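First up is the structure itself, then whatever we jot down about it.
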Amino acid sequence: MSLVCAAMMAAQPAVAQPGAPGSERVRELVHLVRQDCGSCHGLTLQGGLGPALTAASLSGKPRDSLVATVLGGRPGTPMPPFRGIVADDEAEWIVERLLEGFPSDSGASR
Amino acid sequence: MLQFFVKYMWWIVPLVLLSACAGPQPVLRGTGDLGVVIERATGQMQVIETSGRKSLAQVSGLGDLSHASVVFSRDSRYAYVFGRDGGLTKVDLLTASIAGRVVQAGNAIGGAISQDGRLVVAQNYEPGGIKAFDADTLELVADVPADFGSEGKRSKVVGLADLPGNRFVYALFDANEIRVTDLSDPRHPKTERYPAGKQPYDALVTPDGRYYIAGLFGEDGLSLLDLWQPELGVRTILPGYGRGEQALPVYKMPHLRGWAVAGGRAYLPAIGRHEVLVVELGSWKEVTRIPVKSQPVFVMARPDGREVWVNFAFPDNGWMQVIDTFTNRTVNTFQPGRAILHLEFTPRGEAVWISARDDNKVAIYDTRSHQKLAELPAASPSGIFFTSRAFRTGF
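Those protein sequences? They're chains A and B, same order as listed.
Under the UniProt record's numbering, think of the first position of the first sequence as 1, with each following residue one higher.
Under the UniProt record's numbering, think of the first position of the second sequence as 1, with each following residue one higher.
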């Protein structure tokens, strides 16, 4: 239930602004990736239980399959599906940023 | 001169530092009510005092502290901080300064200290294995790779814990094994291997050092090794606790370290289920399972064992719940702040310190009334560790 609520809340800004996420949502997404993806991939994204998500380590990997991994997870591994927490275009946005070197965190939303 | 100073005059430093704060009278102090709060985003930590509920000092230069953990020297003066980037830093709590630092691996996940306090051991993801260091000098004394198979592969090491006799037990995420390494003669480590369940992700040892329980990601159940009879091998406990149902997504792996053993029972986070599993030590029968708000991460017993406090994975990490171990029911559900990452009880358990990462604060709660006593500012706080850990097996 709480997941559904979170999913609805997470989906809202994307509905309001199709395409690129707005600036407050960008701040939230950066924070999410650094902190909550970071719990498995490391705050610096150099890897942990999950592999490194730095530009160098992802270079050459097909972006669609990376987006699919973020949204659908990888069954049989600890990589969970983030569909419902991030919208489809937000997952694309995250993967684009990962491929070019992820921005640094400016904290949680206020 | 320097040697003379180090040998005989070291106490000048704390005295000078402390007297600078306290006026002309030098202040001596104990360390039993000290602890540290990791400020993970900035690579710093605060030295705190639980009696005065205050921060005493800040130490920086600790590297990447995502997933940092800490053990304490047996005199509880020094904190050994294990960083994600493989950094191992020895911090003097009295002078709030770095007494030694090595970068010992590419990617590390935590550590432990030997029964006699002479060895500090790091558990590493990359390169997978454990390494032992002299607790005084941080000189490397043993390197035990977690190799498996025939192609020279090395596994990520999880769930490292100290055992009586300067032995260490740990699990291999990629190799489905539990290993026990005897470091009583650190130059000649001896390792025993025990096949275990699929993808162990963390583990705990009971307070007496007898039972080692590893949580499994790849299998419904937990792996148990009786360290008094290791020749019996690993057995699976709570097999099929997921009842074949589809597992829920796990946005943060639960932690088993910081065990909850209370009243002869272990309270364990289920994985992929919003439940705390209760199992009887010895018979390993399921006593009950307690439905909780979300995926539990830390399930920690108050030192008297009467209550178990639970925090949760993203996206429900603003919540906490308290379980009464007498009735095995949830007695409180509350929101201490945004992104609760860790909690630590004071040595006798009258208060609990809770880190709220996204509110940049540590909240201190009374464990009897469950009311908030105080808040301290902290930058993106994660782990909280008190020196009382120095005296507990498995911490």
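We treat Cβ as the ideally placed atom computed from N, Cα and C, and that holds for glycine.
The structure displayed is predicted, hence computed values, not measured ones.
Within 8 Å of any Cβ in chain A, is that where the Cβ of residue i sits?
{"i": "K252(B)", "result": "yes"}
{"i": "Y170(B)", "result": "no"}
{"i": "D202(B)", "result": "no"}
{"i": "F217(B)", "result": "yes"}
{"i": "R154(B)", "result": "no"}
{"i": "N124(B)", "result": "no"}
{"i": "F395(B)", "result": "no"}
{"i": "F334(B)", "result": "no"}
{"i": "P291(B)", "result": "no"}
{"i": "D75(B)", "result": "no"}
{"i": "H255(B)", "result": "no"}
{"i": "P24(B)", "result": "Because P24(B) sits at a pLDDT of 48, beneath the cut-off of 50, its placement in the model cannot be relied upon, and the point is left open."}
{"i": "R273(B)", "result": "no"}
{"i": "A266(B)", "result": "no"}
{"i": "N107(B)", "result": "yes"}
{"i": "F82(B)", "result": "no"}
{"i": "F148(B)", "result": "no"}
For residue i, report the span of its beta strand (DSSP E) as first-last.
{"i": "G333(B)", "result": "According to the sequence shown, residue 333(B) is Thr rather than Gly. Taken as a continuous stretch (DSSP letters only), the beta strand (DSSP E) holding T333(B) covers R329 to F334."}
{"i": "D162(B)", "result": "V157 to L163"}
{"i": "L119(B)", "result": "L119 to E126"}
{"i": "G100(B)", "result": "S97 to V103"}
{"i": "A20(A)", "result": "No beta strand (DSSP E) holds A20(A); DSSP gives it neither H nor E."}
{"i": "A112(B)", "result": "N107 to I113"}
{"i": "A301(B)", "result": "P296 to A301"}
Looking at the C-beta of residue i, does it have a partner C-beta in chain B at a distance below 8 Å?
{"i": "A108(A)", "result": "yes"}
{"i": "G38(A)", "result": "yes"}
{"i": "P103(A)", "result": "no"}
{"i": "G60(A)", "result": "no"}
{"i": "I85(A)", "result": "yes"}
{"i": "L66(A)", "result": "no"}
{"i": "T44(A)", "result": "yes"}
{"i": "A49(A)", "result": "Checking the sequence, you will find Leu at residue 49(A) rather than Ala. Output row for L49(A): interface = yes."}
{"i": "P81(A)", "result": "yes"}
{"i": "G72(A)", "result": "no"}
{"i": "P21(A)", "result": "no"}
{"i": "A14(A)", "result": "Low confidence applies to A14(A): its pLDDT is 39, below 50, so where it sits in the model is not reliable, and the reading given next is rough at best. Not one chain B Cβ lies under 8 Å of A14(A)."}
Judging by CA-CA distance, which residue of the options is the nearest neighbour of residue i?
{"i": "L119(B)", "options": "A57(B), D182(B), G152(B) and I109(B)", "result": "D182(B)"}
{"i": "G61(B)", "options": "T95(B), V71(B) and R101(B)", "result": "R101(B)"}
{"i": "K361(B)", "options": "I38(B), V27(B) and Q115(B)", "result": "I38(B)"}
{"i": "A225(B)", "options": "P315(B), L216(B), Y211(B) and L238(B)", "result": "Checking the displayed sequence, the identity of residue 225(B) turns out to be Leu instead of Ala. Among P315(B), L216(B), Y211(B) and L238(B), the Cα nearest to that of L225(B) belongs to Y211(B)."}
{"i": "A68(A)", "options": "T54(A), A55(A), A87(A) and S59(A)", "result": "A87(A)"}
{"i": "R154(B)", "options": "V144(B), Q104(B) and A161(B)", "result": "V144(B)"}
{"i": "G152(B)", "options": "L163(B), G128(B) and E139(B)", "result": "G128(B)"}
{"i": "G215(B)", "options": "G209(B), A203(B), P207(B) and D208(B)", "result": "A203(B)"}
{"i": "A146(B)", "options": "D162(B), N124(B), D136(B) and A356(B)", "result": "N124(B)"}
{"i": "R389(B)", "options": "H342(B), Q58(B), I113(B) and G52(B)", "result": "I113(B)"}
{"i": "Y194(B)", "options": "S184(B), V234(B) and D208(B)", "result": "V234(B)"}
{"i": "residue 397(B)", "options": "L32(A), G73(A) and L49(A)", "result": "With chain B running from 1 to 395 in the structure shown, residue 397(B) is simply not present."}
{"i": "R179(B)", "options": "G159(B), G165(B) and R187(B)", "result": "G159(B)"}
{"i": "D324(B)", "options": "R84(B), N311(B), E344(B) and A301(B)", "result": "A301(B)"}
{"i": "A135(B)", "options": "Q199(B), F173(B) and L88(B)", "result": "L88(B)"}
{"i": "S65(A)", "options": "P21(A), H31(A), A91(A) and R110(A)", "result": "A91(A)"}
{"i": "R265(B)", "options": "V250(B), L248(B), E286(B) and G221(B)", "result": "E286(B)"}
{"i": "residue 408(B)", "options": "Y201(B), H370(B), Q104(B) and A351(B)", "result": "Outside the shown range of chain B, which is 1 to 395, sits residue 408(B), and nothing can be said about it."}
{"i": "L32(A)", "options": "R74(A), V70(A) and G76(A)", "result": "V70(A)"}
{"i": "Q295(B)", "options": "T288(B), W319(B), S283(B) and V278(B)", "result": "W319(B)"}
{"i": "R257(B)", "options": "L93(B), T42(B) and Y201(B)", "result": "Y201(B)"}
{"i": "L138(B)", "options": "Q229(B), A99(B) and V276(B)", "result": "A99(B)"}
Considering only DSSP beta bridges, list what residue i is partnered with.
{"i": "Q321(B)", "result": "V310(B) and T333(B)"}
{"i": "M253(B)", "result": "In DSSP, M253(B) forms no bridge with anything."}
{"i": "S69(B)", "result": "F82(B)"}
{"i": "K153(B)", "result": "F148(B)"}
{"i": "I48(B)", "result": "G35(B) and S55(B)"}
{"i": "V91(B)", "result": "A79(B) and I98(B)"}
{"i": "L268(B)", "result": "L277(B)"}
{"i": "W353(B)", "result": "E344(B) and I364(B)"}
{"i": "residue 396(B)", "result": "The structure shown has nothing for residue 396(B), since chain B only spans 1 to 395."}
{"i": "A135(B)", "result": "A135(B) pairs with nothing; no bridge assigned."}
{"i": "A262(B)", "result": "R265(B)"}
{"i": "G129(B)", "result": "N124(B) and P145(B)"}
What span of residues does the alpha helix (DSSP H) with residue i cover, start to end?
{"i": "G72(A)", "result": "R63 to G72"}
{"i": "R338(B)", "result": "Taken as a continuous stretch (DSSP letters only), R338(B) belongs to no alpha helix (DSSP H), as it is neither H nor E."}
{"i": "E275(B)", "result": "No alpha helix (DSSP H) holds E275(B); the beta strand (DSSP E) holding it covers E275 to E280."}
{"i": "E96(A)", "result": "D88 to E100"}
{"i": "G38(A)", "result": "G38 to H41"}
Just checking, does the stretch 73-92 of chain B make contact with the stretch 361-375 of chain B on the three C-beta pairs under 8 Å criterion?
The stretch 73-92 of chain B makes no contact with the stretch 361-375 of chain B, as fewer than three CB pairs between them are under 8 Å.
Contact between the stretch 42-56 of chain A and the stretch 56-67 of chain B: three or more CB pairs below 8 Å?
The answer is yes - the stretch 56-67 of chain B touches the stretch 42-56 of chain A, with three or more Cβ pairs under 8 Å.
Pairing CB atoms from the stretch 86-102 of chain A with CB atoms from the stretch 28-38 of chain B, are three or more of them under 8 Å?
With the cut-off at 8 Å, the stretch 86-102 of chain A and the stretch 28-38 of chain B do not touch.
Does the stretch 265-272 of chain B come into contact with the stretch 240-257 of chain B, if we say contact requires no fewer than three beta-carbon pairs (one atom in each stretch) closer than 8 Å?
Touching, yes, given that three or more Cβ pairs across the two stretches are closer than 8 Å.
Taking contact to mean 3 or more Cβ pairs, one atom from each stretch, closer than 8 Å, check whether the stretch 287-303 of chain B and the stretch 339-356 of chain B are in contact.
In this structure the stretch 287-303 of chain B touches the stretch 339-356 of chain B; the number of beta carbon pairs closer than 8 Å is three or more.
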